[in-house]
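In the working numbering, the protein residues as written are 15 to 272. To keep things clear, I will list the structure first and then write my remarks on it.
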């Protein structure tokens, strides 16, 4: 039951080139940076990554993207990474753009063993009807577009509405960051880092978690555990002194006397 691994490098050592990986984080909050660095040092490429966003040019998943290690991104927001924009528009990167709530549920469904689900999000748009550019060619023309999806009308409380079928996401690996964890893999997340990290963890066939603090089993309050250890396969302690960047810092200066 002891899932502790000594180093981040050892934890990711068996991830092969071409692997699919779900990665936690929301903006720069909760990025599993030590694991991402370890994957970078591993030197693998052709990765298919599922994450809410792709970091920024020099942080988060952006360090893998910069070196052309990522072949495809499945994301909901990519607006803060200029290199992402360049690679996508030049045909170097495939993108499956997915509404944020839908992406979250696709990951959760994958972990829960639910093959697909219906949602109203995207009905009447290219999300459902198809045609969203996924990859451009070198001349800026659409080389690959999204397919159309199944639609179905459900009568909920006497109010018929159209829904689109979305398939679950299951990846070969997951990389996540948590504030605390025990040797059995039970995890506790902090604030915004809780958004996509537990969902990414659920979707990974092999989930690798970095934690700031690793404790013995029984030391975490069962009512405070956000993700049970059944979803986690490897856990590595990275300490509390790791660098945590803020994507956009906004401050205000109080007037004198206030």
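Just so you know, even glycine gets a beta-carbon here, dropped at the ideal spot from N, CA and C. These numbers were taken from a predicted model, which means no experiment stands behind them.
What would DSSP say about residue i, mapped onto helix, strand or coil?
i: residue 22; result: helix
i: residue 189; result: strand
i: residue 46; result: coil
i: residue 131; result: strand
i: residue 59; result: coil
i: residue 119; result: helix
i: residue 238; result: helix
i: residue 179; result: strand
i: residue 243; result: helix
i: residue 166; result: strand
i: residue 194; result: strand
i: residue 126; result: helix
i: residue 54; result: helix
Distance check for residue j and residue i, CA to CA, integer angstroms please.
i: residue 228; j: residue 168; result: 47 Å
i: residue 39; j: residue 248; result: 18 Å
i: residue 199; j: residue 218; result: 14 Å
i: residue 190; j: residue 26; result: 12 Å
i: residue 16; j: residue 235; result: 18 Å
i: residue 63; j: residue 101; result: 15 Å
i: residue 29; j: residue 224; result: 16 Å
i: residue 160; j: residue 267; result: 47 Å
i: residue 57; j: residue 231; result: 34 Å
Are the beta-carbon atoms belonging to residue i and residue j less than 8 Å from one another?
i: residue 154; j: residue 216; result: no
i: residue 108; j: residue 149; result: yes
i: residue 70; j: residue 45; result: no
i: residue 116; j: residue 177; result: no
i: residue 194; j: residue 226; result: yes
i: residue 49; j: residue 183; result: no
i: residue 42; j: residue 256; result: no
i: residue 146; j: residue 111; result: yes
i: residue 152; j: residue 90; result: no
i: residue 213; j: residue 118; result: yes
Check for me: the alpha helix (DSSP H) holding residue i runs from which residue to which?
i: residue 85; result: No alpha helix (DSSP H) contains residue 85, which is instead part of the beta strand (DSSP E) from 84 to 89.
i: residue 211; result: 211 to 217
i: residue 248; result: First-last for residue 248: 248 to 251, but that is the beta strand (DSSP E), not the alpha helix (DSSP H).
i: residue 98; result: 96 to 103
i: residue 141; result: 140 to 143
i: residue 80; result: 76 to 80
Report buried or exposed for residue i, applying the criterion of at least 16 other Cβ atoms within 10 angstroms of its Cβ.
i: residue 244; result: exposed
i: residue 37; result: buried
i: residue 208; result: buried
i: residue 67; result: buried
i: residue 278; result: A query on residue 278 cannot be resolved here, the shown segment of the chain reaching from 15 to 272 and no further.
i: residue 233; result: exposed
i: residue 251; result: buried
i: residue 196; result: buried
i: residue 179; result: exposed
i: residue 128; result: exposed
i: residue 246; result: buried
What are the start and end residues of the beta strand (DSSP E) that includes residue i?
i: residue 149; result: 147 to 150
i: residue 157; result: 156 to 159
i: residue 92; result: Note, residue 92: premise wrong, no beta strand (DSSP E); not H, not E.
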